[in-house]
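Below is one structure, written out as structure tokens, with a few remarks after it.
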Amino acid sequence: MSKTKTEFKTRSQIPVKETYTAEDLPSDLRVRLSEPGAYPFTRGVQKNMYRGRLWTMRQYAGFGTAEESNQRYHYLLSQGTMGLSVAFDLPTQLGYDPDNGRSKGEVGKVGVSISTLDEMRTLFKGIPLAKVSTSMTINATAPILLAFYVALAEEQGADIKELRGTVQNDVLKEYIARGNFIYPPKGALRMITNMFDWCAKATPKWNPISISGYHIREAGSSAVQELAFTFANAIAYVESATRAGLDIDAFAGQLSFFFNVHNDFFEEIAKFRAARRIWAKLVKERFKAKDPRSMMLRFHSQTAGSTLTAQQPENNVVRVTLQALASVIGGTQSLHTNSLDEALALPTESSAKLALRTQQIIAAETMVTQTVDPIAGSYFVESLTTEIENKVWKYLEEIDRRGGTVQCIETGYIQTEILNAAYQDQRKMDSGELQVVGVNCNQETGNEKKPEILRVPPELEQKAVERIRAYRARRSDGKAKEALRQLTDGAQGDANLMGLIYNSVKSECTLGEISDSLRKVFGEYQEYSGF
Numbered sequence: 004m005s006k007t008k009t010e011f012k013t014r015s016q017i018p019v020k021e022t023y024t025a026e027d028l029p030s031d032l033r034v035r036l037s038e039p040g041a042y043p044f045t046r047g048v049q050k051n052m053y054r055g056r057l058w059t060m061r062q063y064a065g066f067g068t069a070e071e072s073n074q075r076y077h078y079l080l081s082q083g084t085m086g087l088s089v090a091f092d093l094p095t096q097l098g099y100d101p102d103n104g105r106s107k108g109e110v111g112k113v114g115v116s117i118s119t120l121d122e123m124r125t126l127f128k129g130i131p132l133a134k135v136s137t138s139m140t141i142n143a144t145a146p147i148l149l150a151f152y153v154a155l156a157e158e159q160g161a162d163i164k165e166l167r168g169t170v171q172n173d174v175l176k177e178y179i180a181r182g183n184f185i186y187p188p189k190g191a192l193r194m195i196t197n198m199f200d201w202c203a204k205a206t207p208k209w210n211p212i213s214i215s216g217y218h219i220r221e222a223g224s225s226a227v228q229e230l231a232f233t234f235a236n237a238i239a240y241v242e243s244a245t246r247a248g249l250d251i252d253a254f255a256g257q258l259s260f261f262f263n264v265h266n267d268f269f270e271e272i273a274k275f276r277a278a279r280r281i282w283a284k285l286v287k288e289r290f291k292a293k294d295p296r297s298m299m300l301r302f303h304s305q306t307a308g309s310t311l312t313a314q315q316p317e318n319n320v321v322r323v324t325l326q327a328l329a330s331v332i333g334g335t336q337s338l339h340t341n342s343l344d345e346a347l348a349l350p351t352e353s354s355a356k357l358a359l360r361t362q363q364i365i366a367a368e369t370m371v372t373q374t375v376d377p378i379a380g381s382y383f384v385e386s387l388t389t390e391i392e393n394k395v396w397k398y399l400e401e402i403d404r405r406g407g408t409v410q411c412i413e414t415g416y417i418q419t420e421i422l423n424a425a426y427q428d429q430r431k432m433d434s435g436e437l438q439v440v441g442v443n444c445n446q447e448t449g450n451e452k453k454p455e456i457l458r459v460p461p462e463l464e465q466k467a468v469e470r471i472r473a474y475r476a477r478r479s480d481g482k483a484k485e486a487l488r489q490l491t492d493g494a495q496g497d498a499n500l501m502g503l504i505y506n507s508v509k510s511e512c513t514l515g516e517i518s519d520s521l522r523k524v525f526g527e528y529q530e531y532s533g534f
């Protein structure tokens, strides 16, 4: 928490009193709390939470080629990871094959390069998709990667109706905070809605979207803004789906969320509790859902990469441990813990193992899983939960007043709010008001020992180029071209694009070819520049 001469505040600038009493509790606390597993789910989405089942322990991984990433996945599974989490490189995220000129210098650098069904086979070689839950951090090209995954699962003999996992598929937050978009909002929202419909029928246990506040927070937002803008995006997705004729209870139970876990320990716990309450109320009252499962906010969380420091990197182990503990006490369903070297490079095998062990120690040794919502009734936490909730509702009302999420993105309102929050935080760090150990306090003047870092060999890019050209050379070109023609025609009409993308994948079209076919129809988005 930050400190001034006269008052203390959370990172979201909520004043913090020296002492809290029963008078600080909301008058309707009993209604707001209810029981775990019951509306409004403040205390958790399951009645017995971690007594019944621990959160899914994931480690986000992917780099270089599919072969190298496959080796890392097998290693993580052997060390006790419960689910896989795939990181893709920038060309894959932006819909470019490795031999596209725009891919030069970026292939395999911040994630794994996947452009064909053949590479997806290699990525999951020896891993039965029917038995593992997989999260794929992919957005603009999410329909294509999901199609690769489902096609591979079918090849393996899996019942695709039983597949478990998530594609991030949250394009609106790309316009807001991250920048890895392809198409304008209208085309992007259509594809997302098509995925909701397709997945509800073909892969009913798969989450077709993970609405992400993580990157909003990494861009510099406060905890309040993280929730507000995430839920504003969720509202836009749900409205798009219901306008297309989908029933809220047919797809809302498959929606999942992805949140950041930052340093302000109690604010983060309160944030997660407030988030469940807000989503439950939104879905029930605004969208008139009847099924309680539609109202449950299920979320994956990840410790905050932006809090990790290149200085004294071993301190990052402590930061990640406390953030992970806040996430567990806050009731996460899935968790990734960052590695100590992530401010310097992609995680090494040993640092990824230590990050996983952090979760395992919390689960096995701290005993925090023995009771549900252990901080319920805390004068401070309950007051903070309600304060965060109230501030989020004010933001949502303002976004509605300004014409909704897409309008607020196009005018730059949301981006400006985040930039202002980031600027204020940076000013406090520069002045020393907000302390960061090893950076602006407790610094070391001697030569610090640098950890071993992972480097991606530059020759991997040329190998990826050769591989995709060979893939195109041995396929049936006529079959691929016909599938792409049908996709383009479907995009110009009102066909379900997910079905056509799946057909294109089965016809051995590449990620870049599929993306280019859609670019011809939808165009490319030009982001708000402030001018």
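Quick note: the sequence shown, position 63, residue 66 per our numbering, numbers continuous.
We put the CB at the ideal spot given by N, CA and C, even for glycine.
Considering only residues of the same chain and omitting the five flanking positions on each side of residue i, which have a CB-CB separation below 7 angstroms?
i, result
"C1", "There is no way to answer for residue 1, as the model of the chain reaches only from 4 to 534."
"I378", "I272, I332 and V384"
"V546", "Residue numbering for the chain in the displayed model covers 4 to 534; residue 546 lies beyond these limits and cannot be assessed."
"F269", "F383, V384 and L387"
"E392", "A277, R280 and I281"
"Q438", "C444"
"M123", "I117, F151, Y152 and L155"
"E420", "Q228"
Would you kindly check if the distance between the Cβ of residue j and the Cβ of residue i is under 8 angstroms?
i, j, result
"G65", "A90", "yes"
"A346", "G223", "no"
"V395", "F151", "no"
"H339", "T310", "no"
"G380", "A239", "no"
"Q171", "I141", "yes"
"L463", "P350", "no"
"L503", "L490", "yes"
"Q62", "A358", "yes"
"Q373", "A327", "no"
"D162", "S213", "no"
"N3", "K176", "Beyond the ends of the chain as shown, which are 4 and 534, falls residue 3; an answer cannot be given."
"I195", "S138", "no"
"P29", "D376", "no"
"V48", "M432", "no"
"A143", "I185", "yes"
Would you please verify whether the beta carbon of residue i is less than 8 angstroms from any beta carbon of chain C?
i, result
"W201", "Although the question refers to chain C, the structure presented lacks it and comprises just one protein chain."
Can you give me the Cβ contacts of residue i inside the same chain, cut-off strictly under 8 angstroms, excluding the 5 residues immediately before and after it?
i, result
"R472", "D102"
"D519", "G98"
"F302", "S259, F260, F261, F262, F275, A278, T335, Q336 and S337"
"L132", "Y152, L155, A156, Q159, A161 and L166"
"G441", "T312, Q314, Q315, N318 and E447"
"P187", "F525, G526, E527 and Y528"
"D294", "D252, A255 and G256"
Name the one or two DSSP bridge partners that residue i has.
i, result
"T84", "Answer is none; T84 lacks a bridge partner."
"T324", "Beta-bridge pairing links T324 to no other residue."
"M139", "V89 and V170"
"H339", "R61 and Q305"
"L258", "I212"
"P18", "K12"
"S319", "First, the amino acid is wrong: residue 319 is Asn here, not Ser. Answer by DSSP bridge pairing: none, since N319 is not bridged."
"N263", "Q305"
"V115", "G67 and F91"
Tell me which same chain residues have a C-beta within less than 6 angstroms of the C-beta of residue i, skipping the five on either side of it?
i, result
"G114", "G65, A90, F91 and D92"
"L166", "A156, T206 and W209"
"L230", "A278 and V395"
"S106", "P94 and Y99"
"A355", "Q62 and S342"
Within the stretch 266 to 315, ranges of the alpha helix (DSSP H) (whole runs, at least 4 residues): Listed in chain order, the complete alpha helix (DSSP H) runs (minimum 4 residues) inside the stretch 266 to 315 are 268 to 284.
The stretch 71 to 79 / the stretch 27 to 45 touching (three or more Cβ pairs under 8 angstroms): no
4-residue-minimum alpha helix (DSSP H) runs that sit fully inside the stretch 398 to 481, ordered along the chain: 408 to 413, 416 to 434 and 462 to 477
3-residue-minimum beta strand (DSSP E) runs that sit fully inside the stretch 39 to 64, ordered along the chain: The DSSP assignment places 59 to 64 as complete runs of the beta strand (DSSP E) inside the stretch 39 to 64, in order along the chain (cut-off: 3 residues).
Ordered list of beta strand (DSSP E) runs contained in the stretch 184 to 218, each at least 3 residues: Those beta strand (DSSP E) runs which fall completely within the stretch 184 to 218 and span 3+ residues are 212 to 215.
Cβ pair count under 8 angstroms reaching 3, the stretch 19 to 29 against the stretch 251 to 260: no
Stretch-stretch touch, CB-based, cutoff 8 angstroms, three pairs: the stretch 192 to 204 with the stretch 492 to 509: yes
The stretch 310 to 329 contacting the stretch 53 to 68, beta-carbon criterion three pairs below 8 angstroms: no
At least three beta-carbon pairs within less than 8 angstroms, the stretch 412 to 427 to the stretch 315 to 322: no
Sequence ranges, alpha helix (DSSP H) only - wholly within the stretch 350 to 400, length at least 4: For the stretch 350 to 400, the continuous alpha helix (DSSP H) assignments of 4+ residues that do not extend past its boundaries occur at 352 to 368, in sequence order.
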